[in-house]
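Student:
Number of protein chains: 2
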Amino acid sequence: MFWKSLFPGAIGSETPTGIGEHELLITEFVAANGERIHVYFSTTRDIDVYALEALCDAVGWAKRPLRKVRKALEFSFLIGSLWQERGQNRRLIGFARATSDHAFNATLWDVVVHPEVQGKGLGKTLMRQMIRELRREEISNITLFADPQVVTFYEELGFHPDPEGIKGMFWYPS
Amino acid sequence: MFWKSLFPGAIGSETPTGIGEHELLITEFVAANGERIHVYFSTTRDIDVYALEALCDAVGWAKRPLRKVRKALEFSFLIGSLWQERGQNRRLIGFARATSDHAFNATLWDVVVHPEVQGKGLGKTLMRQMIRELRREEISNITLFADPQVVTFYEELGFHPDPEGIKGMFWYPS
Ligand SMILES: CC(C)(COP(=O)(O)OP(=O)(O)OC[C@H]1O[C@@H](n2cnc3c(N)ncnc32)[C@H](O)[C@@H]1OP(=O)(O)O)[C@@H](O)C(=O)NCCC(=O)NCCS
Ligand SMILES: CC(C)(COP(=O)(O)OP(=O)(O)OC[C@H]1O[C@@H](n2cnc3c(N)ncnc32)[C@H](O)[C@@H]1OP(=O)(O)O)[C@@H](O)C(=O)NCCC(=O)NCCS
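Going down the list, the protein sequences come from chains A and B. Read in order, the letters of the first sequence are residues 1 to 174 in UniProt numbering. Read in order, the letters of the second sequence are residues 1 to 174 in UniProt numbering.
In structure tokens, the structure reads:
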């Protein structure tokens, strides 16, 4: 595989609303022009909402009010992001977040990898890191709502659809 | 119907972690012995964990560490409860809670009505109040994971299973 795992590294710091911030070097590779490129997984809560919405836009998701995006980031339990670093340049290329009761359950939302770097294993790495963070906080019930085309992607990560007949349900005004 | 709706009443107060506390008289009836009984819906966060676990135990749910139950209550966005009042005596007879990012989505957990008062419409009233509170906070995406035997109960409230093929998924160590 083009991408390979390297060493973990932590930058510490605790936040009251969720998991402390840290960062992990995921892969390193050399671009065609000889330039070194690093990819990091981070739990920073300091996400630029414009960069995030540009990423979501790149996979065709509907625009959202930035005021609400900011609030959602503030009140998510865990925010995971992937960053591509070339020299001084750092670019957001992946994102996922989880709501939680901080005790029993967590639900993943907004899992996305930039189309330019999809299919290289980054989505799986991002999800594995999210699971690791949540398990570390003793969350035993990790859930999500998967679009039909990504059910297999999540199954390969250990997620099961409708276990014991449990149904995901959405409310719409009736 | 034995139970009928009366008037709303608010007791105010804002909390940083979620929706402000208020209370609503749901129904009033006269017991066989002539005693007046009132049932209230409340958003109080001041839930006795022993009373809550006794309620969950009454429907056969597994025991949970009280430390974690307390934490889950603290970090839930909305807590809804039903109380039966006879004179000075106030008893917890229903419960539901929601996790949320305070912006886009909320997920309902631990929906329960005491077996002694099930089948009287209290579960539906509790759920309608939860939906109302969440809508009032501009949450547009209300979700839950339903056990197979209660899918119809939730459908009657306007919840849809697997809309557009979206699958509820749970993670288990693989
Ligand atoms: C889903 C997503 C996060 C996966 O990220 P990624 O970096 O491309 O995924 P990876 O390279 O780690 O793994 C891809 C694996 O899942 C499969 N997969 C990913 N997306 C798929 C899709 N849309 N259709 C079919 N298979 C898909 C790939 O075939 C691959 O399988 P393999 O490992 O057996 O070869 C990314 O495709 C994405 O952002 N999609 C658009 C947004 C989206 O649908 N998010 C999920 C909403 S619930
Ligand atoms: C599910 C529950 C909260 C419903 O509360 P309730 O006060 O009994 O419900 P209501 O009286 O408002 O409404 C009951 C309606 O749902 C149906 N219903 C409720 N529970 C049902 C069950 N277990 N099986 C089949 N139907 C059920 C009733 O038949 C009734 O339908 P109707 O209005 O057409 O007559 C309650 O039964 C309960 O606590 N069950 C155990 C815990 C549980 O399963 N919670 C849900 C986990 S996802």
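For glycine and all other residues, C-beta sits at the position ideal for the given N, C-alpha and C.
#1: Using beta carbons (cut-off 9 Å, strictly below), is residue 27 of chain B in contact with chain A?
#2: Could you tell me if the beta carbon of residue 156 of chain B falls within a distance shorter than 8 Å of some heavy atom in ligand 2?
#3: Residues in the same chain with beta-carbon distance under 7 Å from residue 1 of chain B, minus the five sequence neighbours each way, listed in chain order, please.
#4: Determine the burial state of residue 140 of chain A: buried for a count of at least 16 other Cβ atoms within 10 Å of its Cβ, exposed for fewer.
#5: Under the DSSP definition of a beta bridge, which residues are partnered with residue 161 of chain B?
#6: Under 7 Å, CB to CB, which of the residues in the region 61 to 86 of chain B have a partner in chain A?
#7: Beta carbon of residue 124 of chain A: closer than 8 Å to some heavy atom of ligand 1?
#8: Am I right that residue 82 of chain A and residue 29 of chain A are in contact with their C-beta atoms under 8 Å? What's the rounded C-beta distance?
#9: Rounding to the nearest angstrom, what Cα-Cα distance links residue 98 of chain B and residue 78 of chain B in this structure?
#10: Report yes or no: do three or more beta-carbon pairs, one from the region 124 to 131 of chain A and one from the region 66 to 74 of chain A, lie closer than 8 Å?
#11: For a cutoff of 9 Å on Cβ pairs, would you count residue 5 of chain A as touching chain B?
#12: Between the region 93 to 127 of chain A and chain B, which residues of the former have a C-beta closer than 7 Å to a C-beta of the latter?
#13: Measuring only the C-alpha atoms, how far is residue 43 of chain A from residue 62 of chain B?
#14: For the beta strand (DSSP E) that contains residue 131 of chain A, what are its first and last residues?
#15: The alpha helix (DSSP H) spanning residue 153 of chain B covers which residue range?
#16: List, in order along the chain, the chain A residues whose C-beta lies closer than 7 Å to that of residue 147 of chain B?
#17: Please classify residue 112 of chain B as buried or exposed, where buried requires at least 16 neighbouring CB atoms within 10 angstroms.
#18: For a cutoff of 9 Å on Cβ pairs, would you count residue 160 of chain A as touching chain B?
#19: In the DSSP assignment, the alpha helix (DSSP H) including residue 117 of chain A goes from what residue to what residue?
#20: Taking the CB atoms as reference points, tell me whether residue 100 of chain B and residue 137 of chain B lie closer together than 9 Å.
#21: Anything in chain B within Cβ reach of residue 142 of chain A, meaning under 8 Å, just list it in chain order.
#22: Answer yes or no: do residue 147 of chain A and residue 166 of chain B have a C-beta to C-beta separation smaller than 9 Å?
#23: Please state whether the Cβ-Cβ distance between residue 45 of chain A and residue 21 of chain A is less than 9 Å.
#24: Compute the Euclidean distance between the alpha carbons of residue 4 of chain B and residue 65 of chain B, then round it to the nearest angstrom.
#25: Reducing DSSP to helix, strand and coil, say where residue 53 of chain B ends up.
#26: Are the Cβ atoms of residue 95 of chain B and residue 37 of chain B separated by less than 9 Å?
#27: Leaving out the 5 sequence neighbours to the left and right, which residues in its chain are closer than 7 Å to residue 168 of chain A when beta-carbon positions are compared?
#28: Does the distance between the C-beta of residue 39 of chain B and the nearest non-hydrogen atom of ligand 2 fall short of 8 Å?
#29: Can we count residue 120 of chain A as close to ligand 1, meaning its CB is less than 8 Å from some heavy atom?
#30: Could you please give the first and the last residue of the uninterrupted beta strand (DSSP E) stretch that includes residue 91 of chain B?
#31: When you compare only the Cα positions, how much space is there between residue 117 of chain A and residue 88 of chain A?
#32: According to DSSP, is residue 21 of chain A part of a helix, a strand, or is it coil?
Tutor: Once the coordinates are examined:
#1: So, not an interface residue.
#2: yes
#3: The predicted position of residue 1 of chain B is uncertain, since its pLDDT is 30 and thus under 50; no value can be drawn from it.
#4: exposed
#5: BP columns for residue 161 of chain B point to A:169.
#6: 68, 71, 72, 75 and 76
#7: yes
#8: Rounded, the Cβ-Cβ distance is 14 Å, inconsistent with contact.
#9: 5 Å
#10: With a cut-off of 8 Å, the region 66 to 74 of chain A and the region 124 to 131 of chain A do not count as touching, because too few Cβ pairs lie within range.
#11: Summary for residue 5 of chain A: the model assigns pLDDT 37, below 50, so the residue's position carries little reliability; its value from the coordinates is reported in the next sentence. With 9 Å as the cut-off, residue 5 of chain A does not count as an interface residue toward chain B.
#12: 99, 100, 101, 102, 103, 104, 105, 107 and 109
#13: 33 Å
#14: Run containing residue 131 of chain A: none in the beta strand (DSSP E); it sits in the alpha helix (DSSP H), 122 to 136.
#15: Residues 151 to 155.
#16: 166
#17: By the C-beta density criterion, residue 112 of chain B is buried, having at least 16 other C-beta atoms within 10 angstroms.
#18: yes
#19: Careful: residue 117 of chain A lies outside any alpha helix (DSSP H) and carries neither H nor E.
#20: yes
#21: 170 and 171
#22: Contact: yes.
#23: yes
#24: Caution applies to residue 4 of chain B, whose pLDDT of 34 falls short of 50 and renders its modelled position unreliable; the value that the coordinates give is listed next. If I take the Cα positions, the gap works out to 37 Å.
#25: helix
#26: Going by C-beta atoms, residue 95 of chain B is not nearer than 9 Å to residue 37 of chain B.
#27: Excluding residues up to 5 positions away in sequence, 145 lie with their Cβ nearer than 7 Å to the Cβ of residue 168 of chain A in the same chain.
#28: no
#29: yes
#30: That run of the beta strand (DSSP E) goes 89 to 100.
#31: Rounded to the nearest angstrom, the two C-alpha atoms are 20 Å apart.
#32: coil
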